[in-house]
Amino acid sequence: MAKIKKTIKTIRVDADKCNGCRGCEIICSAYHAEPKYSSINPAKSRIQVLTHRLQNIWLPVFAGEYTPAECMGRDKYVIDGKEYEECAFCRAACPSRDLFKDPDSGLPLKCDMCEGNESGPLCVEWCLNDVLTYEEREEEVEEEVEMEEMEIGLGSLIDKYGLDKIASTVARMSQKD
Ligand code: SF4
Ligand code: SF4
């Protein structure tokens, strides 16, 4: 497969500075509401702050790719005396947990770096504690066909309900007016 140059967009997280204010969740859910800014629902945010108050843990994690299978990497980590639960650092929407799934539709949520917003990622802009830093870097990667958001959503529904059920539902719906 051919190699191409790609701009990798990411957000660096300095969790030690996070105070759990959840401003990032609020603005993310508001920006992605339909219509934009019409509602706030942190459960629909593409960044989630994993919280364990007794351990002084506030860990912002922004949503990555949808994955149809659970993985075996369920390690716990102890960093600076704080014990992080298994999957804490994982950015995937995966079948083994509800994180990064729309609470109404069950469809996977993925950070799109606030596509369409001229000033860039809003969670970065809204975080007053400099926890989040937007970064871009050039990388040489193998050319691949990127799946559209709708394709990813459809794939997750097929994983959940099976192809036959989805196909018969679509056929039934297409016969309605
Ligand atoms: S806005 Fe910043 S300080 Fe507040 S929860 Fe999000 S990352 Fe943490
Ligand atoms: S960059 Fe935008 S889409 Fe991604 S987590 Fe932050 S606010 Fe949400």
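Number 130 in my numbering belongs to position 140 of the sequence shown; there are no gaps in the numbering.
From the three backbone atoms N, C-alpha and C, an ideal C-beta is built for every residue, glycine too.
Keep in mind it's a predicted model, so treat the numbers as computed, not measured.
C-beta atoms of residue i and residue j nearer than 7 angstroms
{"i": "Arg2", "j": "Glu126", "result": "no"}
{"i": "Cys11", "j": "Phe52", "result": "no"}
{"i": "Ile16", "j": "Ile30", "result": "yes"}
{"i": "Ile(-2)", "j": "Glu129", "result": "yes"}
{"i": "Ala83", "j": "Lys72", "result": "no"}
CA-to-CA distance, residue j to residue i, given in whole angstroms
{"i": "Cys18", "j": "Glu105", "result": "11 angstroms"}
{"i": "Ser146", "j": "Pro58", "result": "7 angstroms"}
{"i": "Glu60", "j": "Glu75", "result": "16 angstroms"}
{"i": "Cys117", "j": "Lys155", "result": "43 angstroms"}
{"i": "Val160", "j": "Gly143", "result": "14 angstroms"}
{"i": "Tyr21", "j": "Asn119", "result": "20 angstroms"}
{"i": "Glu24", "j": "Lys34", "result": "12 angstroms"}
Any non-hydrogen atom of ligand 1 within 6 angstroms of residue i CB
{"i": "Asn107", "result": "no"}
{"i": "Arg12", "result": "yes"}
{"i": "Val39", "result": "yes"}
{"i": "Glu46", "result": "Residue identity check: residue 46 is Asn in the sequence provided, not Glu. Result no, Cβ not under 6 angstroms from ligand 1."}
Simplified DSSP assignment, three categories, for residue i
{"i": "Arg162", "result": "helix"}
Residue i Cβ short of 6 angstroms to ligand 2 heavy atom set
{"i": "Arg87", "result": "no"}
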